[in-house]
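Since the structure comes first, as structure tokens, the remarks are kept for the end.
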Amino acid sequence: MSKIIKDTFYEKRKEINLPVTIEEVGLPIQQSGKIAVGLSGGLDSTTLLHYLAYCFGPENVYPLSFYYGQRHNIELFYALEQVRAARIPEDNYKRIDISFLGQIVSKASAMVSGGLDVPKAEDAEKDVQPATYVPFRNTIFSSLLASFAESCGSR
């Protein structure tokens, strides 16, 4: 991240009274200084990726992406592009294939290739469990990310 972007980032956050450093957020900085992060390539995880690269240094950030048979797998392309943009060493980035998840939830989710049809908004509102949900996806991601974090030396 360039000095101009860092300075602008810092000043804008100060203007609206938001924390700028990890210390201000209240997150402890671990002794190893390494941090693992889930990276989908979407807006939220990309923002977090750049913030962590800024706070911990790009060499200490270890992004992990998942291919689970998702319909919007173009985000995985953008995930790698953002790793490069944040100057995180590409050796730190891992993308793992857990496409078995898409295979086992295809009859319950519209979010995987070969799954249900994507519902219209009015139809989705009627469902107690919308078809846009991937059963236990985040639980599986969290478990794998915790394992990855430990293997990277992140505590």
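In the working numbering, the protein residues as written are 8 to 162.
No residue lacks a Cβ here, since even glycine has one placed at the ideal position from N, Cα and C.
In this text the structure is predicted, and so the values were computed from the model without any measurement.
DSSP beta-bridge partners of residue i
i      : result
Asp104 : Tyr74
Tyr69  : Ala43
Val119 : Gln77
Proximity below 9 Å, CB of residue i to CB of residue j
i     : j      : result
Ser72 : Leu59  : no
Gln2  : Ser120 : This structure does not reach residue 2, given that the chain is present from 8 up to 162, and the question cannot be answered.
Leu87 : Gly48  : yes
Tyr74 : Arg102 : yes
Straight-line gap, residue i to residue j (C-alpha atoms, nearest Å)
i      : j      : result
Thr54  : Ala93  : 10 Å
Phe155 : Tyr85  : 21 Å
Thr129 : Lys114 : The sequence shown places Glu at residue 129, rather than the Thr named in the question. In a straight line, the C-alpha of Glu129 is about 21 Å away from that of Lys114.
Leu152 : Lys127 : 33 Å
Asn80  : Met118 : 10 Å
Gln38  : Val125 : Per-residue confidence for Gln38 stands at a pLDDT of 42, beneath the threshold of 50, marking its modelled position as unreliable; no derived number is given.
Glu66  : Gly122 : 38 Å
Leu56  : Thr146 : 20 Å
Ile95  : Leu46  : 13 Å
Counted within 10 angstroms of its Cβ, other Cβ atoms place residue i as buried (16 or more) or exposed
i      : result
Ser161 : buried
Val68  : buried
Ile23  : exposed
Ser116 : buried
Pro70  : buried
Val112 : buried
| field | Cβ contact (3+ pairs, closer than 8 Å) linking the segment 62-72 and the segment 39-46 | value | With the cut-off at 8 Å, the segment 62-72 and the segment 39-46 touch.
| field | Touch test, the segment 93-113 against the segment 138-154, Cβ-Cβ under 8 Å, three pairs minimum | value | Output reads yes: the segment 138-154 touches the segment 93-113.
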